[in-house]
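Enquirer:
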Amino acid sequence: MCESTLYLEEGGHVREQMREVARIVFEGDIATVTDVVGERIVLEHVEVKEINFLSHGVVLRRKN
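Have a look at this one:
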């Protein structure tokens, strides 16, 4: 399977937020993230910093 790990960059630190991410939906600067078992988190005031298809990592960063 090709699930990803989601990281959030905030205040100069990058922290893991969720593993086995299957879907990320953006509405403006709000990201709704869902994993393979249907668990969801909502992150507000974020934007995409990096998507790495080789390592299956997605980094979002908090907007100022």
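Here the sequence shown stands for residues 950 to 1013, where the numbers follow my numbering. A virtual CB, placed ideally from N, CA and C, is assigned to each residue, including glycine.
#1: DSSP beta-bridge partners for residue 992?
#2: Give the straight-line distance between the Cα atoms of residue 982 and residue 966, rounded to the nearest whole angstrom.
#3: Using the Cβ count rule (16 or more neighbours within 10 Å means buried), how would you classify residue 1004?
#4: Can you tell me which of the three DSSP states residue 1008 falls into?
#5: Helix, strand or coil for residue 958 per DSSP?
Expert: On the basis of the coordinates in this document:
#1: According to the DSSP secondary-structure assignment, residue 992 is paired through a beta bridge with 980.
#2: 10 Å
#3: exposed
#4: For residue 1008, the secondary structure class from DSSP, reduced to helix, strand or coil, is strand.
#5: strand
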